[in-house]
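166 is the number of the first residue of the sequence shown in the numbering used here; add one for each residue after it. Glycine residues also receive a C-beta, built at the ideal position from the N, C-alpha and C atoms. Quick caveat: nothing in here was measured; it's all calculated off a predicted structure. Data first, discussion second: the structure below is written as structure tokens.
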Amino acid sequence: PSSQEYQFLQISEPRPGVGQITLNRPKALNALSTPLITELNTALKAFDKSSSISAILLTGSERAFAAGADIKEMAPLTFSEAYTTSFIESWSTLTTTIKKPIIAAVSGHALGGGCELALMCDILYCTETANFGQPEIKLGTIPGAGGSQRLTRAIGKARAMELILTGKNFSGKEAGEWGVAARTFKDWDALIEGSLKTAETIAGYSKVSVMAAKEVVNKSQDLPLRDGVEYERRVFHSLFGSEDQKIGMKAFAEKKKAEWTHK
Ligand code: CAA
């Protein structure tokens with residue numbers, strides 16, 4: 166995919182095997198309107214299908230990852246419109262359909278739906294000064310794209326309840342300390358460089374094992390431990406059917422670099 170096809174996104178392939186999607190609706194601080202999410206899903210699916218891409222980087226601008234769902238779009242919505250059009254449901258494509266790992270690189274505001282979008286990604290990196298929060302309570306509503314569930318799992322009920330009920334924001338530094346972010350960076354340049362490095366590292370492995378690893382880690386969020394461990398073992402067994410498992414283990418024994426076939 167190329168950027169020309171998109172009104173609200175920029176698309177690039179900045180490193181071998183890495184596809185980058187940059188949210189680009191600067192005038193609205195990347196507010197996540199339905200047309201933007203539709204484009205995002207199209208771009209994600211295109212990278213997921215592309216044989217040259219193994220890892221996806223999702224970012225915004227230095228000022229805003231995304232300032233939430235589009236409040237101006239939502240303001241006049243009625244219950245029946247929201248219900249019958251399954252408003253927000255299409256945001257789930259990122260978690261239900263995309264099999265390649267997605268790294269969120271968050272700088273600036275990641276509020277409401279922006280925070281939720283970042284939480285849906287597989288690895289979250291941010292700057293220390295990033296501004297996270299679920300401020301929906303201030304708008305007379307509640308998080309609607311998984312915030313009450315994913316934030317609570319990430320930071321525990323005590324902190325999540327306080328944040329969601331007060332609408333108070335939390336910093337990137339806190340996101341790092343609380344385990345929401347896998348890593349924090351001192352500024353935008355370091356964030357992007359660090360995110361690209363991680364994406365490139367992941368893209369250097371066999372696509373088969375990378376996708377399987379993402380799948381089994383994410384299962385841990387849905388399954389009881391016993392079922393999750395069994396699920397992992399089944400997928401682990403299945404990887405003995407891949408060419409890359411033979412290549413990887415043979416290369417180790419021969420002290421050579423593995424040349425993956427991604428099969
Ligand atoms: N939706 C629509 N437009 C938005 C927006 C949003 N979520 N966030 C910002 N904008 C627009 C502003 O309206 C403004 O547009 P105009 O220039 O046309 O007035 C432009 O972006 C710049 O914003 P500000 O002038 O407000 O910039 P600021 O630097 O003073 O403040 C901010 C930044 C603190 C992020 C502030 O914009 C803000 O509070 N935004 C709303 C955050 C929010 O409440 N998000 C939750 C949305 S609800 C949700 O997401 C539901 C869900 O769970 C799915």
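State the start and end residues of the unbroken alpha helix (DSSP H) segment that holds residue i.
i, result
"R437", "Limits of the chain in this structure are 166 at one end and 428 at the other, which puts residue 437 out of reach."
"L284", "G278 to M285"
"P200", "T199 to K214"
"T261", "T258 to T261"
"Y248", "F244 to T249"
"I236", "I236 to M239"
Give me the Cβ distance between residue i and residue j, rounded to the nearest whole Å; I'm assuming they're in contact under 8 Å.
i, j, result
"I263", "T363", "Not really, about 17 Å apart at Cβ, beyond 8 Å."
"T317", "A325", "4 Å"
"S403", "G393", "Incorrect: roughly 16 Å between the Cβ atoms, too far for contact."
"L284", "A319", "7 Å"
"E408", "K428", "4 Å"
"A429", "I288", "For the chain, the structure presents residues 166 to 428; residue 429 sits outside this window and is missing."
"C286", "L223", "6 Å"
"G273", "E238", "In fact, because the Cβ distance is near 21 Å, the residues do not count as touching under 8 Å."
Along the chain, where does the beta strand (DSSP E) containing residue i start, and where does it finish?
i, result
"A270", "I267 to V271"
"L174", "L174 to R180"
"Y290", "I288 to T292"
"A220", "A220 to T224"
"I253", "Unbroken run through I253: none, as it is neither H nor E."
"Q169", "Looking at the DSSP string, Q169 is not in any beta strand (DSSP E), and its letter there is neither H nor E."
"L188", "V183 to L188"
Leaving out five residues on either side along the sequence, give the residues of the same chain with a beta carbon under 7 Å from the beta carbon of residue i.
i, result
"V381", "Y396, E397 and V400"
"D352", "T292"
"K372", "S219 and H427"
For residue i, which residues from the same chain have a beta carbon less than 6 Å from its beta carbon, with the 5 sequence-adjacent residues on both sides left out?
i, result
"M376", "K264"
"A368", "G182, V183, S219 and A220"
"F350", "T292, L356 and G359"
"N195", "L188, G225, A229 and A231"
"A423", "I412, G413 and A416"
"K303", "G332"
"Y171", "E204"
"G271", "What sits at residue 271 in the sequence shown is Val, not Gly. Cβ within range, chain order: F230, A283, C291 and A295."
"G309", "I253"
"G341", "T349"
"Q410", "L404"
"R315", "L284"
Among residues of its own chain, excluding the 5 on either side of residue i, which ones have a beta-carbon nearer than 8 Å to its beta-carbon?
i, result
"R180", "L361, A364, E365 and A368"
"L174", "S168, I186, T187, L188, N189, L201, E204, L205 and A208"
"P300", "G233, L276, G277, G332 and N334"
"Y370", "S219 and W425"
"F244", "none"
"E178", "G184, Q185, S217 and I218"
Please confirm whether any heavy atom of ligand 2 lies closer than 7 Å to the CB of residue i.
i, result
"I236", "In the structure shown, ligand 2 is absent; the only ligands present are ligand 1."
Is the CB of residue i under 8 Å away from at least one CB in chain B?
i, result
"P181", "The chain labelled as chain B is not found in the depicted structure, where only one protein chain is given."
Segments assigned beta strand (DSSP E), at least 3 residues, entirely inside the stretch 367-425: none
Taking only runs of the alpha helix (DSSP H) that begin and end inside the stretch 296-347, which ones reach a length of at least 4 residues, in chain order? 312-320, 322-331 and 337-343
How do the stretch 269-289 and the stretch 226-242 stand: do at least 3 beta-carbon pairs fall below 8 Å, yes or no? yes
Given 8 Å, three or more beta-carbon pairs between the stretch 292-301 and the stretch 336-346: The stretch 292-301, when compared against the stretch 336-346, does touch it at the 8 Å Cβ threshold.
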